[in-house]
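Asks: Here's a structure for you.
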Amino acid sequence: MAGKFGKGCHLHLIDGSAYIFRAFHALPPLTRKSDGLPIGAVSGFCNMLQRYIDGNNGSDAPTHVAVIFDKGSHTFRNDMYDQYKANREAMPEDLRPQIPLTREATKAFNIACEELEGFEADDIMATLARQAREAGGRVTILSSDKDLMQLVGGGVEMLDPMKNKLIDRDGVHEKFGVGPERVVDVQALAGDSVDNVPGAPGIGIKTAALLINEFGSLEELLDRAEEIKQPKRRQTLIEHRAQIELSKRLVQLDEHMELPFTLDDLEVREPVPEELLDFLSRMEFRTLTKRIADKLDVEAPAIPDTTPEGANPPEQAPDWPAIDPSKYECVSDSAALQRWIDKANDRGWIAVDTETTGLNDMACDLVGISLCVEPGEACYIPLIHRATATDDLFGNDDLAEGQMPLNAVLDALKPMLEDPAVLKIGQNMKFDAKIFSRYGVEVAPIDDTMLMSYAMNAGLHGHGMDTLAERYLSHTPIPIKDLLGSGKKQITFDRVPIEDAVKYAAEDADVTLRLWKTFKPQLHRARVTRVYEGLERPLVPVLKQMEMAGVKVDRDVLSRMSNAFAQKMAGLEAEIHELAGETFNVGSPKQLGEILFDKMGLEGGKKGKTGAYATGADILEDLATEHDLPARILDWRQLSKLKSTYTDALQEHINKDTGRVHTSYSIAGANTGRLASNDPNLQNIPVRSEEGRRIREAFIADEGKVLVSLDYSQIELRILAHMADIPALKEAFRDGHDIHAMTASEMFNVPMEDMTPDIRRQAKAINFGVIYGISGFGLARNLRIPRVEAQGFIDRYFERFPGIKTYMDDTIAFATEHKRVETLFGRVIHTPEIAAKGPRAGFAKRAAINAPIQGTAADIIRRAMVRMPDAIAGLPAKMLLQVHDELIFEVEKDAAEDLIKAARTVMEGAAEPVVKLDVPLIVDAGQGANWAEAH
DNA sequence: AAATTCACG
DNA sequence: GACGTACGTGAATTTC
Numbered sequence: 053m054a055g056k057f058g059k060g061c062h063l064h065l066i067d068g069s070a071y072i073f074r075a076f077h078a079l080p081p082l083t084r085k086s087d088g089l090p091i092g093a094v095s096g097f098c099n100m101l102q103r104y105i106d107g108n109n110g111s112d113a114p115t116h117v118a119v120i121f122d123k124g125s126h127t128f129r130n131d132m133y134d135q136y137k138a139n140r141e142a143m144p145e146d147l148r149p150q151i152p153l154t155r156e157a158t159k160a161f162n163i164a165c166e167e168l169e170g171f172e173a174d175d176i177m178a179t180l181a182r183q184a185r186e187a188g189g190r191v192t193i194l195s196s197d198k199d200l201m202q203l204v205g206g207g208v209e210m211l212d213p214m215k216n217k218l219i220d221r222d223g224v225h226e227k228f229g230v231g232p233e234r235v236v237d238v239q240a241l242a243g244d245s246v247d248n249v250p251g252a253p254g255i256g257i258k259t260a261a262l263l264i265n266e267f268g269s270l271e272e273l274l275d276r277a278e279e280i281k282q283p284k285r286r287q288t289l290i291e292h293r294a295q296i297e298l299s300k301r302l303v304q305l306d307e308h309m310e311l312p313f314t315l316d317d318l319e320v321r322e323p324v325p326e327e328l329l330d331f332l333s334r335m336e337f338r339t340l341t342k343r344i345a346d347k348l349d350v351e352a353p354a355i356p357d358t359t360p361e362g363a364n365p366p367e368q369a370p371d372w373p374a375i376d377p378s379k380y381e382c383v384s385d386s387a388a389l390q391r392w393i394d395k396a397n398d399r400g401w402i403a404v405d406t407e408t409t410g411l412n413d414m415a416c417d418l419v420g421i422s423l424c425v426e427p428g429e430a431c432y433i434p435l436i437h438r439a440t441a442t443d444d445l446f447g448n449d450d451l452a453e454g455q456m457p458l459n460a461v462l463d464a465l466k467p468m469l470e471d472p473a474v475l476k477i478g479q480n481m482k483f484d485a486k487i488f489s490r491y492g493v494e495v496a497p498i499d500d501t502m503l504m505s506y507a508m509n510a511g512l513h514g515h516g517m518d519t520l521a522e523r524y525l526s527h528t529p530i531p532i533k534d535l536l537g538s539g540k541k542q543i544t545f546d547r548v549p550i551e552d553a554v555k556y557a558a559e560d561a562d563v564t565l566r567l568w569k570t571f572k573p574q575l576h577r578a579r580v581t582r583v584y585e586g587l588e589r590p591l592v593p594v595l596k597q598m599e600m601a602g603v604k605v606d607r608d609v610l611s612r613m614s615n616a617f618a619q620k621m622a623g624l625e626a627e628i629h630e631l632a633g634e635t636f637n638v639g640s641p642k643q644l645g646e647i648l649f650d651k652m653g654l655e656g657g658k659k660g661k662t663g664a665y666a667t668g669a670d671i672l673e674d675l676a677t678e679h680d681l682p683a684r685i686l687d688w689r690q691l692s693k694l695k696s697t698y699t700d701a702l703q704e705h706i707n708k709d710t711g712r713v714h715t716s717y718s719i720a721g722a723n724t725g726r727l728a729s730n731d732p733n734l735q736n737i738p739v740r741s742e743e744g745r746r747i748r749e750a751f752i753a754d755e756g757k758v759l760v761s762l763d764y765s766q767i768e769l770r771i772l773a774h775m776a777d778i779p780a781l782k783e784a785f786r787d788g789h790d791i792h793a794m795t796a797s798e799m800f801n802v803p804m805e806d807m808t809p810d811i812r813r814q815a816k817a818i819n820f821g822v823i824y825g826i827s828g829f830g831l832a833r834n835l836r837i838p839r840v841e842a843q844g845f846i847d848r849y850f851e852r853f854p855g856i857k858t859y860m861d862d863t864i865a866f867a868t869e870h871k872r873v874e875t876l877f878g879r880v881i882h883t884p885e886i887a888a889k890g891p892r893a894g895f896a897k898r899a900a901i902n903a904p905i906q907g908t909a910a911d912i913i914r915r916a917m918v919r920m921p922d923a924i925a926g927l928p929a930k931m932l933l934q935v936h937d938e939l940i941f942e943v944e945k946d947a948a949e950d951l952i953k954a955a956r957t958v959m960e961g962a963a964e965p966v967v968k969l970d971v972p973l974i975v976d977a978g979q980g981a982n983w984a985e986a987h
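Numbered according to this note's numbering, the first sequence spans residues 53 to 987.
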């Protein structure tokens, strides 16, 4: 039926986005076999299109058809109301790369495919429906979206493709209680939580329909609101008039858009077999390709059966331009900036990097921002670069020319950086997200190339940008030293000439984007998508919150302790010199060794290549039985450690603005999945010695609040009992018995009633030894017993718990075969050294035995931390610190018990539902004015 | 920059 | 038969 659209024509409009989401959620997460690209939604989409075509060749076949898509996340409705669709979920990670492919699919089927920047598909459909109606044709909208129901009538109807149910005027009336022409009035009153349309509070569809039917229209209703009998309802409508009117404008579809195409362009066309089959075979849809080839009566193209196992990553870089810092753009006006924002919105992703005056993300200033959207296409936005290398004699320190005002840049970037539909890609994004947060921008959603590498490559190499660029892009980025210098003459980034800064900063964003494009498809193949998306990436906002909250530290308490330590140390030092018969540097192990072993002639040997005497605590403890000097040294060292590392250093870390101490956690530091804390390290605050424990008294809660500490009891032993499947251990944990006493009783045949602390202590050492990959030598040294005796203990332990031995052997066998081990949650830890010769193999074996246990415990507390913000959202509480098996919170006094209850529930259930442990996880809790009391 | 020591889980 | 060894971290200090 060629010619102009008119009477007798029948237009089908397919709601493309609805098709995609339905396909995505209905299907399991399929991936393309050759490269692991997620492809499930495209597959579902194509099947739905094919089914649509098959079902529409009868007498009522359409003459015109189009699939209409949404484009961009910012529409004219956002200009009216910035909260529009603000609470929608971010697009699922696996879906994003499939979006462009669905456009390709539509075109491959030779169906018109239309979208328009800044408009929703609904508006395009509304305009097309009006045009078709006015031309005298019929329209069927294939969608179940209630927002489209306002279009029904006058030859326009809807078809719910899921239920195959026709929605006509009656159907609309059934849903809204009014006819199609009054649907927007009802929606304006009832609002919509999905799209975040406010409406009138307390009024739903039922009430709205009642009111509209009574008054005839929304305008009439609002004008005569005084006549409403119910006082509450009357007041609501009068009070929220503006909001209701806004809501109407939000739900009202635009029927009068200017479209760059006409109805005639949408005429039904037969698919071109080669193009369609080419697309389907590229997607590697075997079944569908065959079915359609049969139907079109042509031969199905062959689809290579490549297997991902062991396959090398596809060479995907050749079409990337070489990294060339001279090509990067310096952004210095708002038009240029807007072009970059548009690029981000177009693609739905952007690489972002910040430059600052320092590495302390809680105390540095934002100097500039770099962006990258495609390999080679990057820019730098300088913000507060100085005009000169130093300020002049009079303290003048002007900003360099050609920089936009910082606030203007942040205001312009903020909507994009916070847009759930635009993915922000970074290398170590926690740093940048914290910087932005301090400037009022909450970056989300994010991807992090450092964490992607960590998920895939833990144990193989580091995950810093230089390492990754070198390994995966064969590129050495400009060293920061080239710009800042080093040592005393080192400058801050704001003193780097803008010209140089552009090259360095934009290159970082470019490298980050290339790494992302490299890693993204590899995650699936490495089978670590769940680890990355569930255990690494979600931790970024959680840790960001914790680090920014910081912990309150009482400077006076620390200061007084420092003074007391200094006094004691001075006394000890005098005593030590007296005993030694000469003065020397007590802090020098070398001088100490010479005095102890050469001058005084005590027993002891040299160590290592350096030839220095070992003077570690264990050796001094042995010597202490014969002499006073080593004992004094030990006392002095303890005080020295406490003073320099804790009571002195911690004071330096109190932030000037917040008055609190803000550590930084490295997510990708420890190979096992544990976090590491630095600047300062708050995961090694003393607790084992009485003297040291007092330092925890300086960690305090704010006024009216308390610190709460919850820690997993014996989590690693419980995991061992589960993983190695040891019935006796599992039973002991289930019954809440003393696990070390039980082990001792089993091993040494001592009834529990007769258990002595010493026997229990030995069993405890063995239990821990097992987790560390026990050896006779190590246990002997730990227990200070002869090596043969230690070996005897181990033999008896393995005899009594043969499952442990099996577990250890199996783990080493797995590591040897695969060069990696895994946690219960699928975290991969590579063990390349397992094949090494010599002592290194021993290290690697013990590490391989320990990693699944330590790593599983790390996974569990990570899961708890990710879930914690939601679990405690209603409480006046903040999570502050993590110490491997312990979480520390600050909470208002009255809510402490509620917090403990909520947090304990999360922690004890953190393994579920992915893993059902055979042993319970038990969490102990405490609270108090300071950390010493809470622990 | 490496080695030594020691704080934590 | 000898080798060297508990697992995982970070920070301060001395020494080269």
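All C-beta atoms in this analysis are idealised placements derived from N, C-alpha and C, irrespective of residue type, glycine included.
Using three-state DSSP, classify Ala142 as helix, strand or coil.
Replies: coil
Asks: Looking at C-alpha atoms only, which residue of Glu470, Lys85, Pro90, Asn162 is the closest neighbour of Phe76?
Replies: Pro90
Asks: Could you tell me which uninterrupted beta strand (DSSP E) segments, each at least 3 residues in length, are contained entirely in the region 558-615, listed from first to last along the chain?
Replies: 603-605
Asks: At which residues does the beta strand (DSSP E) containing Ile436 begin and terminate?
Replies: Element bounds for Ile436: n/a, residue is neither H nor E.
Asks: Taking C-alpha atoms, which residue in Ala557, Lys342, Ile344 lies nearest to Glu429?
Replies: Ala557
Asks: Measure the C-alpha to C-alpha separation of Pro360 and Ala578 and round it to an integer number of angstroms.
Replies: Low per-residue confidence applies at Pro360: pLDDT is 45, beneath 50, and the placement is therefore not dependable, though the value from the model is reported in the following sentence. Rounded to the nearest whole angstrom, the C-alpha separation of Pro360 and Ala578 is 9 Å.
Asks: Looking only at its own chain, which residues have a Cβ that is under 7 Å from the Cβ of Glu585, when we skip the five neighbours before and after it?
Replies: For Glu585, where only same-chain residues beyond five positions count, the Cβ hits under 7 Å are Glu145.
Asks: Whose C-alpha, out of Asp197, Ala173, Gly206, Ser195, is nearest the C-alpha of Gly189?
Replies: For Gly189, the nearest C-alpha among the options comes from Gly206.
Asks: Unbroken beta strand (DSSP E) runs of length 3 or more, entirely within the region 678-745: which are they?
Replies: If we require 3 residues or more, the beta strand (DSSP E) runs fully inside the region 678-745 come out as 716-718, 728-730.
Asks: Find the nearest neighbour of Leu218 within the set Phe228, Gln239, Ser196, judged by alpha-carbon distance.
Replies: Ser196
Asks: So what's Ser333 in DSSP terms, helix, strand or just coil?
Replies: helix
Asks: Should Ala363 be labelled buried (16 or more other beta-carbon atoms within 10 Å of its own) or exposed?
Replies: In this predicted model, Ala363 has a pLDDT of only 37, less than 50, meaning its place in the structure is not dependable; the value taken from the coordinates is given anyway. Ala363 is exposed by the Cβ-count criterion.
Asks: For Glu166, count the other beta carbons within 10 Å of its own beta carbon; 16 or more makes it buried, fewer makes it exposed. Which is it?
Replies: buried
Asks: Measuring alpha carbon to alpha carbon, tell me which of Lys930, Val935, Leu734, Val967 ends up nearest Ala954.
Replies: Lys930
Asks: Of the residues Thr662, Gly420, Gly656, Ala664, which one's Cα is nearest the Cα of Glu673?
Replies: Nearest C-alpha to Glu673: Gly656.
Asks: Would you say Lys300 and Asp222 are within 8 Å of each other, going by their C-beta atoms?
Replies: no
Asks: Rank Leu462, Ile344, Val713 by C-alpha distance to the C-alpha of Pro732 and give the top, closest one.
Replies: Val713
Asks: Look up Thr795 in the DSSP assignment and say whether it is helix, strand or coil.
Replies: helix
Asks: How far does the beta strand (DSSP E) with Ala164 in it extend, from its first residue to its last?
Replies: Where Ala164 is concerned, the enclosing beta strand (DSSP E) stretches over 164-166.
Asks: Where does Met210 land, buried or exposed, given buried means 16+ other C-beta within 10 angstroms?
Replies: buried
Asks: Measuring straight from C-alpha to C-alpha, what distance separates Gly229 and Leu203?
Replies: 15 Å
Asks: Quick one: using the 10 Å Cβ neighbour count with 16 as the cut-off for buried, is Lys695 buried or exposed?
Replies: buried
Asks: Hey, would you say Thr115 sits closer than 8 Å to Val246, going by beta carbons?
Replies: No, they are not a contact pair.
Asks: Can you name, in chain order, every residue of its own chain whose Cβ lies under 7 Å from the Cβ of Ile628, other than the five neighbours on each side?
Replies: Val638, Leu681, Arg684, Ile685, Trp688
Asks: Between which residues of its own chain and Leu648 is the CB-CB distance below 8 Å, once the five residues before and five after are set aside?
Replies: Leu654, Gly656, Tyr665, Thr667, Leu675, Leu681, Pro682
Asks: By Cβ distance, which residues of its chain are closer than 8 Å to Ala986, with the 5 residues on each side in sequence left out?
Replies: Val758, Leu759, Val760, Ser761, Ile940, Gly978, Gln979, Gly980
Asks: If you follow the alpha helix (DSSP H) that Phe313 is in, where does it begin and where does it stop?
Replies: Neither: Phe313 is in no alpha helix (DSSP H) and is coded neither H nor E.
Asks: In terms of residue numbering, what span does the beta strand (DSSP E) encompassing Gly761 cover?
Replies: The question names Gly, but residue 761 in the sequence shown is Ser. Residues 757-764.
Asks: Where do the ends of the beta strand (DSSP E) carrying Gly420 lie?
Replies: Gly420 -> beta strand (DSSP E) spans 418-426.
Asks: Taking the alpha carbon of Thr715 as the point to measure from, which residue in Leu465, Asn248, Val935 has its own alpha carbon closest?
Replies: Val935
Asks: Between the beta-carbon of Ile767 and the beta-carbon of Asp911, is there less than 8 Å?
Replies: no
Asks: Please state the DSSP three-state secondary structure of Cys98.
Replies: helix
Asks: With burial defined as no fewer than 16 other Cβ atoms inside 10 Å of the residue's Cβ, what is the status of Met621: buried or exposed?
Replies: buried
Asks: Distance, Cα to Cα, Val208 vs Ile193?
Replies: 8 Å
Asks: Is the separation between the beta-carbon of Cys98 and that of Leu318 shorter than 8 Å?
Replies: no
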